[in-house]
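Take a look at the structure below.
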Amino acid sequence: MKFRLPALFPEPAPLVEDEEGKRSAIDEKVPGHDEKSSIRDHDITVDDHPEYQNGVKSVEASNQVWSKTHLILAYIFIWIIQFILALSFGIIGTLTPYVTSSFQGHSLTATTQIVSSMVSGLIILPYAKLLNMWGRPQCFAMMVLSMTVGLIMMAACNNVQTYCAAQVFYSVGSSTVGFTMTIFIADTTSLRNRAFMIAFTASPWIITVWAAGPATQSILNTVGFRWGFGIWAIVIPIASMPLFGLFYYNLIKARRAGLLPKVEHDRTWKQSVVHYAKEFDVIGLLLICAGLALFLLSFNLYSYQPGQWNSPLVICFLIIGGLLIIAFGAWEKWGAPVTFIPWNLMMDRTVIFTYSMAASLYLAWYLWDSFFYSYLIVVYSLSITEASYITNIYTIGSTFWSLVMGVVIRYNGRLKWLALYLGVPLTILGVGLMIHFRQPDVNIGFIVMCQIFIAFGGGTLVICEQMTVMAVSSHQYIPAVLSMENMIISIGSAVGSTIAGAMWTGIFPNKLAQYLPKSAQGDLTTIYGSIDVQSSYAIGSPERNAINQAYSDTQRYMLISATCIYSITLVSVMFWKDVDVKRMKKIKGLVF
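Take any residue in the sequence shown, note its place counting from 1, add 29, and you have its number in the working numbering.
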């Protein structure tokens, strides 16, 4: 029996292809439906697209020689690698404060995280281009090596500076390895099954979210943090070898079958440098990476400047970063001989509004979630373990629900309507209800209920968001559109965190001053600055009641702001094309 949503919307007009391969809708028009909005792929071979870069040609050739057994094994290996990466990510993140503290550099913990997250986020853009130019197996091996080098440096480091450099190597490797596996899923699945396979490979998070804490505690109590890093330097490359072997074996098999003839050229080394600089779109990538680096750094570093947002450094970062991002768009339209993303794809309404949807979704999330953990600890007097259980509801719930959505998408196929009628409403419902249930005297069960709504909404939206940009893009540009999506999410997250910080510093101390009894007014600064001090007051005391009410009021403003921003998410989804992935075909070859 087919599992599909009720028909809340009209069926899309079927598409046919003319002799030139152009997509056109059958003359019949459906009221309220955009006849250009449903898109269908057509079968291709390597020779059908001579403009494709070598890495993409290699994938399409390999797809035609994959055996069913090898494909099943590849997905088993991906699941194992994702499990290891998820578990190691949780453990390494928890170990970081202990490492920096051991070198008397605990204050540099935040700096370490800022630098590593910034570099790993920006590297995705050139890495997406490298995947297309060089190939999936080679890039995968290189980034596993980067991760391994980082882990070895962490295990052997003797100062916080070395540890910071190690974090960069590790973060770059882990983010790009995960990205490579997502691209492999896009290479080897039909669009109707892709959502489920993406959700399947993310399912290890359901397990590891519970295991990371106890595992970290065991490491600290026994072998120490150095072996806590060292064990992953052994496990990760060993676990990655079988997948690399399958990648490379089928690439060689395709070459021997004549599906991927060797490209001969008579260029000099200088001509080769110019050729690959054009193919890599070096100028475009420098513009976008430099622009995004300066723009995002302003949000990370403003709090360290004496004048904060009035600091000349921060203002320069914002202005120059913004101008470089605009220059990237101009270069891609008028100057780039080989574009990172074609201008017509960049201006596609579905791509634009998927990016605005993703930016608003993550901006709103970080706006209300940034101080949610502290709110649970103080207002509800939860233990660290209990609070972490509630904050992990989103990870567990969204991962589980994305599996359900993967099945729904396979049989329903209508991404826009799933996001519009299910994902966005559930998210707004969950956050909106928390405005009411945030009060200190409300049972924690209502907060849990809201988190479940938000998790199910997020599980729907994240899958639909990724699938939509892949559906409207050709195979060549899937890495590019996904890497740009990652950067848009980074910007939204940074802006959301910054707004949350500004609201916290502007509202919470004023509310404390309003509610604290006169006897505690002298301790206002101490109370404001420490969650431990806030939790130390007896439950039911005037001071604790005042602190709880200040938290509640501050959280109210954050939740209201986030709910308003979700209106952008809703409007963005309305402007998506009505993509029906159930009616799309994939490239030739064995695919799921």
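Beta carbons: idealized from backbone N, C-alpha and C, even for Gly.
| message | One question on the structure: do Ala-90 and Leu-288 come within less than 8 Å of each other, judged by their Cβ atoms? | response | yes
| field | Stretch-stretch touch, CB-based, cutoff 8 Å, three pairs: the stretch 598 to 606 with the stretch 534 to 549 | value | no
| What beta strand (DSSP E) runs, 3 residues minimum, are completely inside the stretch 132 to 211? | none
| Would the beta-carbon of Ala-268 fall within 8 Å of that of Ile-110? | Their beta carbons are under 8 Å apart, which means Ala-268 touches Ile-110 by this criterion.
| Arg-223, DSSP secondary structure in three states | helix
| task | Would you mind stating whether Thr-428 and Ser-232 have Cβ atoms separated by less than 8 Å? | result | Contact check for Thr-428 against Ser-232 passes: the beta carbons are separated by less than 8 Å.
| query | Taking the DSSP output, what are the residues bridged to Asp-377? | reply | None; Asp-377 has no bridge partner.
| field | Between the CA atoms of Thr-245 and Ile-120 - distance to the nearest angstrom | value | 5 Å
| message | In whole angstroms, give me the CA-to-CA distance for Gly-253 and Glu-361. | response | Approximately 50 Å between the Cα atoms of the pair.
| request: Report the three-state DSSP secondary structure of Asp-398 (helix, strand or coil). | output: Three-state DSSP puts Asp-398 in a helix.
| field | Coil, strand or helix - Asp-470 by DSSP | value | coil
| said: Please report the straight-line C-alpha distance between Ala-359 and Val-436, rounded to a whole angstrom. | reply: 41 Å
| Buried/exposed call for Ile-55, threshold 16 Cβ in 10 Å | With a pLDDT of 32 at Ile-55, under the threshold of 50, the modelled position of that residue is not reliable, and the figure given next carries that caveat. That one is exposed.
| task | Please state if the CB of Trp-261 and the CB of Leu-180 are separated by a distance shorter than 8 Å. | result | Contact: yes.
| message | Among the candidates Gly-569, Arg-573, Trp-533 and Met-375, whose CA atom is the shortest distance from the CA of Asp-552? | response | Arg-573
| query | Closest by CA to Val-178, which one among Tyr-199, Gln-167, Asn-188 and Ala-170? | reply | Tyr-199
| Cβ-Cβ separation, Ala-388 to Val-94 (assumed contact under 8 Å), whole Å | The pair is not a contact, with the Cβ atoms about 40 Å apart (cut-off 8 Å).
| Across which residues does DSSP place Glu-609 in a beta bridge pair? | According to the sequence shown, residue 609 is Asp rather than Glu. Paired residues: Arg-443.
| field | Alpha-carbon spacing of Gly-350 relative to Ala-322, whole angstroms | value | 7 Å
| task | Would you kindly report the start and end of the unbroken alpha helix (DSSP H) that includes Asp-561? | result | 560 to 565
| task | Would you identify the three-state DSSP class for Tyr-409, choosing helix, strand or coil? | result | coil
| So, helix, strand or coil for Trp-95, using DSSP? | coil
| query | Where Asn-92 and Ala-393 are concerned, what is the direct C-alpha to C-alpha distance, given to the nearest angstrom? | reply | Distance from the CA atom of Asn-92 to the CA atom of Ala-393, rounded to whole angstroms, is 40 Å.
| field | Rounded C-alpha distance that separates Ser-145 from Ile-507 | value | 25 Å
| message | Can you find the residues in the same chain that come closer than 7 Å, C-beta to C-beta, to Ile-457, ignoring five residues on each side of it along the sequence? | response | Thr-592 and Tyr-595
| query | DSSP state of Lys-291, grouped into three classes? | reply | coil
| query | Is it right to say Gln-337 is buried, meaning 16 or more other beta carbons lie within 10 angstroms of its own, or is it exposed? | reply | exposed
| field | Rounded separation between Lys-445 and Tyr-333 - CA only | value | 42 Å
| field | DSSP-derived helix/strand/coil call for Val-491 | value | helix
| said: Distance check for Ala-170 and Ala-240, CA to CA, integer angstroms please. | reply: 27 Å
| Does DSSP classify Val-367 as helix, strand or coil? | coil
| task | Below 8 Å on the Cβ atoms is my guess for Arg-439 versus Arg-221; work out the distance and round it to an integer in Å. | result | 5 Å
| message | Let me check understanding here. Comparing Cα to Cα, which of Ser-412, Gln-468, Gln-505 and Thr-383 lies closest to Leu-449? | response | Of the candidates Ser-412, Gln-468, Gln-505 and Thr-383, the one whose C-alpha sits nearest the C-alpha of Leu-449 is Thr-383.
| The alpha helix (DSSP H) with Tyr-580 in it runs from where to where? | 571 to 603
| query | Among residues of its own chain, excluding the 5 on either side of Leu-102, which ones have a beta-carbon nearer than 8 Å to its beta-carbon? | reply | Pro-271 and Leu-275
| field | Sequence-distant residues of the same chain with beta carbon closer than 7 Å to Ile-113, five excluded per side | value | Val-264, Ile-265 and Ala-268
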